[in-house]
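J.:
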Amino acid sequence: MVFVVVAATTGAGIQSGWALEQKTLLNDSSQTWKIDSSGEKSPDGIWTVVHPGHGYAAVVSSNDHKIMQLHPYLFDSNRHSTLVTANHLDWKGIHGKLNVRLDRQSANPKAWDSFWVQMAYVDSTTMINFIIKSDDAGWMVTKRDHDHTGQDLHETLASGHNYFNSVDFGHWYNVEWWIYPNGDDLHIKLVVDGHTLMDKNDPGHWDRGGHTGSGTSSYFLNADKTIGTYTEKSYSSWKNIWVEQLN
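172 is the number that numbering that gives the first Met the number 0 gives to position 173 of the sequence shown; each next residue is one higher, with no gaps.
#1: Ignoring anything shorter than 3 residues or poking outside the stretch 101-149, list the beta strand (DSSP E) runs there in chain order.
#2: Note the first and the last residue of the continuous alpha helix (DSSP H) segment covering residue 220.
#3: Which one or two residues does DSSP pair with residue 50 in a beta bridge?
#4: Could one say the Cβ of residue 60 lies closer than 9 Å to chain D's Cβ atoms, at least one of them?
#5: Can you check whether the CB of residue 138 is closer than 9 Å to the CB of residue 82?
#6: In the structure shown, what three-state DSSP assignment does residue 95 receive?
#7: In three-state terms, what does DSSP make of residue 249?
#8: Under a three-way DSSP split, which group does residue 185 fall into?
#9: So what does residue 76 bridge to, in DSSP terms?
#10: Just reading off the beta strand (DSSP E) that residue 198 is part of, what are its end residues?
#11: Is the separation between the beta-carbon of residue 176 and that of residue 94 shorter than 9 Å?
#12: The beta strand (DSSP E) with residue 65 in it runs from where to where?
#13: Okay, do the stretch 17-28 and the stretch 37-44 touch, 3+ Cβ pairs below 8 Å being the bar?
#14: Residues in its own chain within less than 6 Å of residue 142 by CB, not counting five upstream and five downstream?
#15: Using three-state DSSP, classify residue 239 as helix, strand or coil.
Have a look at this one:
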């Protein structure tokens, strides 16, 4: 863990802020492990395997690099998925960087059976995600901002076919993002392989306590946020995961 106070220069559309803390969550010196039980923490205390999807999550050594592998069970008709979240972040704003690739899908995949970068994660009903889909379905930034436990209710905040028409199996995507409170909403900037896919305040909606509204709910805005690695009915790999707290 490294504590710093530096000016955050994040490019066009992002106001200058203050970076309070930086953490390297996964790099070439990380500890190896394998977990196939829900709710279990990694030996180094950095990660929690929320659910392994009847498979496992692991950090392995490959060509002198440490790689996180998410391997839910693929060989039946059930919708298994693997979710791992970072411990001890609890930040209002997050600047993150990582590399991710899609390795394999099931025999009869859906277009969204791919990696999902959970750029800001609070709980199962409160999160912001990024995915590149298969079958020429393009890329998408989605949000959940509701309190209806057990319901999907994903909302698309941004999508397109520019730059990424279909996920490229085996390609390491370089994903960098900034999500932080800006007035009454979260501002979201996302850059993938050098291409800016989103740079604006949350254009979505919220649904909490029997009330609805536009933009970001006050709950999500002020909530302590972490990040997550997630894969839906597919195998994915992750490396070089770094995060920075934004005030």
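All residues carry an ideal CB built from backbone N, CA and C; glycine is no exception.
T.: Taking the geometry as given:
#1: 114-122, 125-131 and 138-144, all fully within the stretch 101-149.
#2: Note, residue 220: alpha helix (DSSP H), 217-221.
#3: According to DSSP, residue 50 bridges with 82.
#4: Of the protein chains in this structure there is only one, and it is not chain D.
#5: Residue 138 sits away from residue 82, with the two beta carbons spaced by 9 Å or more.
#6: Looking at residue 95 - three-state DSSP - the assignment turns out to be strand.
#7: In the structure displayed, the chain extends from 0 to 246; residue 249 sits before or after that span and is not available.
#8: Strand.
#9: None, per the DSSP bridge assignment.
#10: Element bounds for residue 198: 194-200.
#11: In contact: residue 176 and residue 94 (Cβ atoms closer than 9 Å).
#12: Counting along the chain, the beta strand (DSSP E) containing residue 65 begins and ends at 64-70.
#13: Short answer: they don't touch.
#14: Cβ within range, chain order: 127, 154, 156 and 203.
#15: Here residue 239 sits in strand by DSSP.
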